[in-house]
Amino acid sequence: DSGTPRRHDDRLSSSQAHKDHAEEVVHAASKAFAAIDKDKKGVVTKFEVRAACRSDPTVKKLLGLDGHDKAQADRVLSSMDADHSAKLDPGQFEVWVHDMLEWRRKPQTMENVSRQAKQ
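If you're matching positions, the sequence shown starts at -16 in my numbering and goes up one per residue.
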């Protein structure tokens, strides 16, 4: 049946696209983490993230902090610190970047955007 291989190919294409996206996220997160971790201790603080956002618009945009005031940025940065250690390791950072990029990829309704902004 000529339809079966096509569906199989579509699944493979979708799987490959997902794998490619995951690799892009890891690369973007790794690159941003390295740019933020100026002291090369392997963890970043809120202060290092803020400094990187001031000096590197690419980092600021990747983290979704472009266009935010300091209070909004602090809320976003606090949400990144899942274990409340005041430091982010590369794994925490990667998960957060992945979630941010996934959120951006999904169509956002005004209701979802308003709800997210209030959090």
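Idealized CB from N, CA, C, for every residue including glycine.
- One thing to note: valine 32 has its Cβ within 7 Å of the Cβ of leucine 60.
- Along the length of the segment 1 to 55, whole alpha helix (DSSP H) runs at least 4 residues long occupy 29 to 38, 40 to 45, reported in chain order.
- For histidine 81, the enclosing alpha helix (DSSP H) covers residues 73 to 88.
- Contact between alanine 0 and alanine 18 is ruled out by a C-beta separation of about 27 Å, above the 8 Å threshold.
- Note on geometry: alpha-carbon atoms of valine 26 and histidine 51 lie some 24 Å from one another.
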